[in-house]
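Read the structure below first, then the notes.
Protein chains: 2
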Amino acid sequence: MTTQKASNHINNFVKKILETFNYPSIPSLHYMTEALRTDLYQLTMMQAYWKSGHNPEATFDYFVRKIPFGSYLITAGLTYVLEYIENLRFEDDDIEYLRTQGFDDEFLMHLRDLRFTGDILAMPEGSIAFPLEPIIRVTAPIMEAQLIETFLLNKMNFSTLIATKASRVVYAAKGRAIAEFGLRRAQGDGHLEATRATYIGGCASTSNVLAGKKLGIPVSGTMAHSFVTSFDHEIDSYRAYADAFPKRCFLLIDTYNSIEGAKKAVIVGKELEKKGERLLGVRLDSGDLCELSKQVRRILDEAGLDYVKIVASGDLNEWKIDELMKKGAQIDMFGVGTELITGRPTPALDGIYKLSDVVEHGRHIPKMKLSEETVKATLPGRKMVWRVFENGSFKQDVISLDDEAVDNGIPLLEQAVKNGKIVCDRPSLDEIRQIAAENFSNLPDKYKKLDGAPVYQVEFSPGLTALRETIVEKIKREE
Amino acid sequence: MTTQKASNHINNFVKKILETFNYPSIPSLHYMTEALRTDLYQLTMMQAYWKSGHNPEATFDYFVRKIPFGSYLITAGLTYVLEYIENLRFEDDDIEYLRTQGFDDEFLMHLRDLRFTGDILAMPEGSIAFPLEPIIRVTAPIMEAQLIETFLLNKMNFSTLIATKASRVVYAAKGRAIAEFGLRRAQGDGHLEATRATYIGGCASTSNVLAGKKLGIPVSGTMAHSFVTSFDHEIDSYRAYADAFPKRCFLLIDTYNSIEGAKKAVIVGKELEKKGERLLGVRLDSGDLCELSKQVRRILDEAGLDYVKIVASGDLNEWKIDELMKKGAQIDMFGVGTELITGRPTPALDGIYKLSDVVEHGRHIPKMKLSEETVKATLPGRKMVWRVFENGSFKQDVISLDDEAVDNGIPLLEQAVKNGKIVCDRPSLDEIRQIAAENFSNLPDKYKKLDGAPVYQVEFSPGLTALRETIVEKIKREE
Numbered sequence: 002m003t004t005q006k007a008s009n010h011i012n013n014f015v016k017k018i019l020e021t022f023n024y025p026s027i028p029s030l031h032y033m034t035e036a037l038r039t040d041l042y043q044l045t046m047m048q049a050y051w052k053s054g055h056n057p058e059a060t061f062d063y064f065v066r067k068i069p070f071g072s073y074l075i076t077a078g079l080t081y082v083l084e085y086i087e088n089l090r091f092e093d094d095d096i097e098y099l100r101t102q103g104f105d106d107e108f109l110m111h112l113r114d115l116r117f118t119g120d121i122l123a124m125p126e127g128s129i130a131f132p133l134e135p136i137i138r139v140t141a142p143i144m145e146a147q148l149i150e151t152f153l154l155n156k157m158n159f160s161t162l163i164a165t166k167a168s169r170v171v172y173a174a175k176g177r178a179i180a181e182f183g184l185r186r187a188q189g190d191g192h193l194e195a196t197r198a199t200y201i202g203g204c205a206s207t208s209n210v211l212a213g214k215k216l217g218i219p220v221s222g223t224m225a226h227s228f229v230t231s232f233d234h235e236i237d238s239y240r241a242y243a244d245a246f247p248k249r250c251f252l253l254i255d256t257y258n259s260i261e262g263a264k265k266a267v268i269v270g271k272e273l274e275k276k277g278e279r280l281l282g283v284r285l286d287s288g289d290l291c292e293l294s295k296q297v298r299r300i301l302d303e304a305g306l307d308y309v310k311i312v313a314s315g316d317l318n319e320w321k322i323d324e325l326m327k328k329g330a331q332i333d334m335f336g337v338g339t340e341l342i343t344g345r346p347t348p349a350l351d352g353i354y355k356l357s358d359v360v361e362h363g364r365h366i367p368k369m370k371l372s373e374e375t376v377k378a379t380l381p382g383r384k385m386v387w388r389v390f391e392n393g394s395f396k397q398d399v400i401s402l403d404d405e406a407v408d409n410g411i412p413l414l415e416q417a418v419k420n421g422k423i424v425c426d427r428p429s430l431d432e433i434r435q436i437a438a439e440n441f442s443n444l445p446d447k448y449k450k451l452d453g454a455p456v457y458q459v460e461f462s463p464g465l466t467a468l469r470e471t472i473v474e475k476i477k478r479e480e
Numbered sequence: 002m003t004t005q006k007a008s009n010h011i012n013n014f015v016k017k018i019l020e021t022f023n024y025p026s027i028p029s030l031h032y033m034t035e036a037l038r039t040d041l042y043q044l045t046m047m048q049a050y051w052k053s054g055h056n057p058e059a060t061f062d063y064f065v066r067k068i069p070f071g072s073y074l075i076t077a078g079l080t081y082v083l084e085y086i087e088n089l090r091f092e093d094d095d096i097e098y099l100r101t102q103g104f105d106d107e108f109l110m111h112l113r114d115l116r117f118t119g120d121i122l123a124m125p126e127g128s129i130a131f132p133l134e135p136i137i138r139v140t141a142p143i144m145e146a147q148l149i150e151t152f153l154l155n156k157m158n159f160s161t162l163i164a165t166k167a168s169r170v171v172y173a174a175k176g177r178a179i180a181e182f183g184l185r186r187a188q189g190d191g192h193l194e195a196t197r198a199t200y201i202g203g204c205a206s207t208s209n210v211l212a213g214k215k216l217g218i219p220v221s222g223t224m225a226h227s228f229v230t231s232f233d234h235e236i237d238s239y240r241a242y243a244d245a246f247p248k249r250c251f252l253l254i255d256t257y258n259s260i261e262g263a264k265k266a267v268i269v270g271k272e273l274e275k276k277g278e279r280l281l282g283v284r285l286d287s288g289d290l291c292e293l294s295k296q297v298r299r300i301l302d303e304a305g306l307d308y309v310k311i312v313a314s315g316d317l318n319e320w321k322i323d324e325l326m327k328k329g330a331q332i333d334m335f336g337v338g339t340e341l342i343t344g345r346p347t348p349a350l351d352g353i354y355k356l357s358d359v360v361e362h363g364r365h366i367p368k369m370k371l372s373e374e375t376v377k378a379t380l381p382g383r384k385m386v387w388r389v390f391e392n393g394s395f396k397q398d399v400i401s402l403d404d405e406a407v408d409n410g411i412p413l414l415e416q417a418v419k420n421g422k423i424v425c426d427r428p429s430l431d432e433i434r435q436i437a438a439e440n441f442s443n444l445p446d447k448y449k450k451l452d453g454a455p456v457y458q459v460e461f462s463p464g465l466t467a468l469r470e471t472i473v474e475k476i477k478r479e480e
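Residue numbers (the working numbering), protein chains in the order written: chain W, 2 to 480; chain S, 2 to 480.
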């Protein structure tokens, strides 16, 4: 019995046992591989490569053409790509499904044994990247390199988008904590990786309890309007909550009227003091947050509750937070939901994965795509990205060919996978968050501006520039 | 041994077996319940309800304040909510995690046994809904009703958003098929439910093979630029593909120059004819799609290949498709990715879940939230939604109190859950898609306009209007 067969055998056995105990469903047995999480054309192209005997070693670059907001990206998602690479295989039921879609039997037999055997270079998670820079470079037999494209794009595009958005929101708050409150507006099952990315980008906590359990992110929350309205009187709801959570009591004060709510919070705060406890905070969720926060601050301070924090929420984003901070709002913590968790107003990163090199008969053939739209052209050849520092800060980056060196440059792509095996460090989520914070602190302030940040300089090396010109000429001549 | 303990025992046993076979991970053992897929404050409020002995039967409405695009919503996501309700329970490791977060031991013991025991009324999936109309109405002990809020919002908001977006894109294409190509730009793990929603909204197929396997959605695809550039010459790539898929060959023609690409496609199309096969189509992915499609159509027709279809893709959305159709583009099928799969430019639906009624000592106490922002106020009381037809088309809707009737109105909320058990039909995905199409055909055309559609009339019944006024007065007096 092969391991494959044995494991199917076990799967069925396990299914039976669990069914006995009336378990609802066993998604793991299907989830264990995500090989079919790809575009159909990857598989049809694979069959065409396979049938034509054309499966050269190919290099693809993952990069972003245009930054959706601001001047930089915080990269995220590599952890998912590495887990996928490690576990990539087609299970029997994947193969059976593909058979129903008209794929060739012999090709499907080949697919059953396929594993990823290539090399991957990547910027570590939490890096800062700029347009056109290869963030991940994949070299593998073209069938394998093609198969992984869709998963890689799906994961990297989304995590990088949200980590970047989060870093902007965090920056706008100038040291005030950002609590991520977006689960209810997140794009469905994408919620966990979105929350993970907001944490990498610098958010302090999440409302998402599953993210707390699975990823170890600190969880935070207050109360909802329904809690307040479910009681006969607002103050009854405050007392019930203070009684249940005397040591971490936050009260929502805008259900009926924020000023009246603040006065009732003072009463409950005083009652907590008598029990030797302290009210932690109050939350504003509507109205003129700047003006209300100042009035509420005064009410709290005059009552001797200067230690009580003010949390604000309600359709916030980096621009609104920036404005609130500039107008002197008395807000200690911001709860940010929809815009943070979806990357609104730009919910997708246009990251792409383009062929740059093919090896045929031992010879490198650099590849590129031309286009009627110049912006859609790509950079040929196996490449490296370098960062040049000045007084500890980023000065400029250079994209070079693999065999060129850049004076005083630090190479940004590290070997992550070698012959299909993960060879890089696997930092924890907190370590990745720390790496992102350190990188961000070395980015000069002018690039952090919410709007109108200058374009960071990314040069092409002499070798890359020359290669590009040669290939454009060749394509124009031949096609 | 209780069933709970026995099943944990089995889980550990299963874990060991699978580890022996070197399985990467066993997500099912954690995935089987999504009880922690909620906001922390739901759980803290639950503990406060529990500690204060205040757990009245409460009614919550799920509704949308503002439609993100156009005048209507196509509802989707109910299937997920019902599956969640059926399987809702806290597992041992959920309880252990909550213990680390400072929850009360006795409360956690209560949580371990908690199941959803309430009633749910809902519009069937694929309904058309308008602002303020309850799409789902939940009645349950407030602890349970509160717990499910976040999951319900997460799933309903996203699926409804994307189904609505899809129906606009499909409408703009005036009968031309829409192929969903968005996996690479989808928000991570949300891809499957997003694809499902695009299918409910009327898309014909998806590139997402996993969605094909798991949901039975037709899959489609062509080839990538990398396939073309990996060969020495464009025509070599076409021949390799035609050889591998003679019966379903689509050729991408814009890698170097779309017109030259079309001419090479003609050569390969003629070669296929000699083998008794037919080239199915060519794809344009950049440039002036309208002008190119006309030129390519002419090239194909003049060569006798009038049966070859033209597929267009490249950052399309409902507005661009509408313009292409109006300008007479010769396009037979549109591939739509990013904007469709993320709901761009509005990637979140602002659907909310608000308390409308509490039963105390056998008496209904209607509830509502006031707000400094009038738009954030809610509708009190247990309600029903009615639709009035005129000549088979929607004329207007009425929101009433539960005990009111509306002349000639058809009630839109159906009983979905009774005492925690699912009691409604569970239509297949294809049936849901059909329901949506039928509803859409009964919506008068003026409401389908991409921009500037009139507001569909949704009236409040006399009873609801009177109740609302009474409660506003009462709150203003008391708080």
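C-beta: ideal position from N, C-alpha, C; glycine also. If you're wondering where the values come from, they're calculated on a predicted model, not measured in any experiment.
Quick check: is the beta carbon of residue i nearer than 8 Å to any beta carbon in chain W?
{"i": "Leu280 of chain S", "result": "no"}
{"i": "His192 of chain S", "result": "yes"}
{"i": "Pro69 of chain S", "result": "no"}
{"i": "Thr466 of chain S", "result": "no"}
{"i": "Pro142 of chain S", "result": "no"}
{"i": "Gly270 of chain S", "result": "no"}
{"i": "Val473 of chain S", "result": "no"}
Using only CA atoms, which one of the options lies nearest to residue i?
{"i": "Ile472 of chain W", "options": "S:Ala178, S:Tyr257, S:Ser314", "result": "S:Tyr257"}
{"i": "Glu87 of chain W", "options": "W:Leu371, W:Ser53, W:Val418", "result": "W:Val418"}
{"i": "Ala173 of chain W", "options": "W:Tyr50, W:Leu133, W:Lys327", "result": "W:Lys327"}
{"i": "Ala195 of chain W", "options": "W:Asn420, W:Ala167, W:Phe251", "result": "W:Ala167"}
{"i": "Lys370 of chain W", "options": "W:Glu261, W:Asp358, W:Arg249", "result": "W:Asp358"}
{"i": "Thr379 of chain W", "options": "W:Ile236, W:Ala198, W:Leu465", "result": "W:Leu465"}
{"i": "Thr151 of chain W", "options": "W:Phe461, W:Tyr354, W:Val456", "result": "W:Tyr354"}
{"i": "Ile163 of chain S", "options": "S:Phe61, S:Pro346, S:Phe395", "result": "S:Pro346"}
Any Cβ of chain S within less than 8 Å of the Cβ of residue i?
{"i": "Phe64 of chain W", "result": "no"}
{"i": "Ser208 of chain W", "result": "yes"}
{"i": "Lys328 of chain W", "result": "no"}
{"i": "Pro25 of chain W", "result": "Legend: pLDDT at Pro25 of chain W = 36, less than 50; position of this residue unreliable, no value from coordinates given."}
{"i": "Asn155 of chain W", "result": "yes"}
{"i": "Pro247 of chain W", "result": "no"}
Starting from residue i, follow the beta strand (DSSP E) in both directions and report where the run begins and ends.
{"i": "Arg388 of chain W", "result": "384 to 391"}
{"i": "Met334 of chain W", "result": "334 to 337"}
{"i": "Val283 of chain S", "result": "282 to 285"}
{"i": "Asp120 of chain S", "result": "120 to 123"}
{"i": "Gln397 of chain W", "result": "394 to 402"}
Suppose contacts are defined by Cβ-Cβ distances below 8 Å. Is residue i in contact with residue j by that definition?
{"i": "Met124 of chain S", "j": "Leu413 of chain S", "result": "yes"}
{"i": "Phe131 of chain W", "j": "Gln48 of chain W", "result": "no"}
{"i": "Thr76 of chain S", "j": "Gly127 of chain S", "result": "yes"}
{"i": "Glu134 of chain S", "j": "Asp403 of chain S", "result": "no"}
{"i": "Gly270 of chain S", "j": "Val309 of chain S", "result": "yes"}
What are the partner residues of residue i, as DSSP defines its beta bridges?
{"i": "Tyr354 of chain S", "result": "S:Tyr63"}
{"i": "Ala141 of chain W", "result": "W:Ala59"}
{"i": "Arg364 of chain W", "result": "W:Glu361"}
{"i": "Asn209 of chain S", "result": "W:Asp40"}
At what residues does the alpha helix (DSSP H) containing residue i begin and finish?
{"i": "Glu460 of chain W", "result": "Unbroken run through Glu460 of chain W is the beta strand (DSSP E), 459 to 461; no alpha helix (DSSP H)."}
{"i": "Ser268 of chain S", "result": "In the sequence as presented, Ser is not what sits at residue 268 of chain S; that position holds Ile. Where Ile268 of chain S is concerned, the enclosing alpha helix (DSSP H) stretches over 259 to 275."}
{"i": "Ile86 of chain S", "result": "79 to 88"}
Chain-ordered residues of the region 433 to 467 of chain S with a beta carbon less than 9 Å from chain C: Absent from the structure: chain C. Protein chains present are W and S.
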